[in-house]
Amino acid sequence: NAGVMQNPRHLVRRRGQEARLRCSPMKGHSHVYWYRQLPEEGLKFMVYLQKENIIDESGMPKERFSAEFPKEGPSILRIQQVVRGDSAAYFCASSSGQGNTNEKLFFGSGTQLSVL
Amino acid sequence: GQQVMQIPQYQHVQEGEDFTTYCNSSTTLSNIQWYKQRPGGHPVFLIQLVKSGEVKKQKRLTFQFGEAKKNSSLHITATQTTDVGTYFCASSGGYQKVTFGTGTKLQVIP
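Residue numbers (the working numbering), protein chains in the order written: chain A, 1187 to 1302; chain B, 45 to 154.
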């Protein structure tokens, strides 16, 4: 009974490179969230996706950041031309999305992105 | 969008003392969820409250949702070192987007 799987756990990039973070939701879950967390800070909402659909991307920077959740395969958070300020832990969470507004989230272990 | 504030930001307690964190919103919340994140770990769901004035207990943890559904609290009785971590409240608004509070980091001194 696999939980939410994120990879890689740690990702090191140089400034200007691209970062791709992957998230496979729990089996049977069709909704995925991405959150960003800086050290000693809270969880900042970035984007909320359904299969093949972005529900809410109000927390995601307009430039360099994009997210997708294709019909097949994991959800991808893509950061182009990374800068040092992108260094953070990125958490993915999934929910069943059964239409109930009171759903709980299951989190992955996160990807720690370090930009040199 | 919804903004949820938590106080205190940090709390140090002696093992065996009680601990309370408070969550406040300027708008009425449809529900409140609580999560715990251990140091170096990921958030883990603890509980959800939906009804006005609702109180739920999990062993030494007591969760309360305010009558006006604008605030919530988490109280831990007789803290243990295993309670160390950051406690977040969260709430979902339209389209199920879940917004997290600022968190309270708990340190328990043995």
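Note that the Cβ used here is the ideal one computed from N, Cα and C, for glycine as well.
Quickly, what does DSSP pair residue i with across the bridge? List them, please.
i, result
"B/I153", "B/Q58"
"A/A1303", "Because chain A spans 1187 through 1302 in this model, residue 1303 of chain A falls outside it and cannot be assessed."
"A/S1216", "Beta-bridge pairing links A/S1216 to no other residue."
"A/S1300", "A/V1198"
"A/K1230", "A/R1222"
"A/S1210", "A/M1191"
"A/I1240", "A/L1235"
For the beta strand (DSSP E) containing residue i, list its first residue and its last residue.
i, result
"A/F1251", "1251–1254"
"A/A1279", "1274–1281"
"A/R1199", "1196–1199"
"B/Q47", "Here B/Q47 belongs to no beta strand (DSSP E), and DSSP marks it neither H nor E."
"B/V142", "142–144"
"A/L1224", "Careful: A/L1224 lies outside any beta strand (DSSP E) and carries neither H nor E."
"A/M1191", "1191–1193"
Please say whether residue j and residue i have beta carbons closer to each other than 7 Å?
i, j, result
"A/W1220", "A/M1232", "yes"
"A/V1218", "A/L1229", "no"
"A/S1210", "A/M1191", "yes"
"B/K114", "B/T72", "yes"
"A/R1250", "A/I1262", "no"
"B/T125", "B/V152", "yes"
"A/A1279", "A/L1291", "yes"
"A/F1293", "A/F1277", "yes"
"B/F107", "B/I91", "yes"
"B/L150", "B/Q50", "no"
"B/T65", "B/T148", "yes"
"A/Q1267", "A/G1214", "no"
"A/S1273", "A/S1295", "no"
"A/L1224", "A/T1297", "no"
"B/S189", "B/E111", "Nothing in the structure corresponds to residue 189 of chain B, since chain B is present only between 45 and 154."
"A/E1238", "A/K1257", "yes"
"B/S69", "B/V48", "yes"
Length-filtered (3 minimum) beta strand (DSSP E) runs lying within the region 50–138 of chain B: Counting whole runs of 3 or more residues, the region 50–138 of chain B contains the beta strand (DSSP E) stretches 54–58, 63–69, 76–81, 87–93, 99–102, 105–109, 115–120, 129–136.
The region 1195–1207 of chain A in contact with the region 119–128 of chain B per 3-pair CB rule at 8 Å: Of all C-beta pairs linking the region 1195–1207 of chain A to the region 119–128 of chain B, fewer than three are shorter than 8 Å, placing the two stretches out of contact.
Three-pair Cβ contact test at 8 Å for the region 52–62 of chain B versus the region 1241–1255 of chain A: Flag = no, the region 52–62 of chain B and the region 1241–1255 of chain A do not touch.
The region 72–90 of chain B in contact with the region 126–133 of chain B per 3-pair CB rule at 8 Å: Using a Cβ-Cβ distance cut-off of 8 Å, the region 72–90 of chain B and the region 126–133 of chain B are in contact, since at least three pairs of beta carbons, one from each stretch, lie closer than that value.
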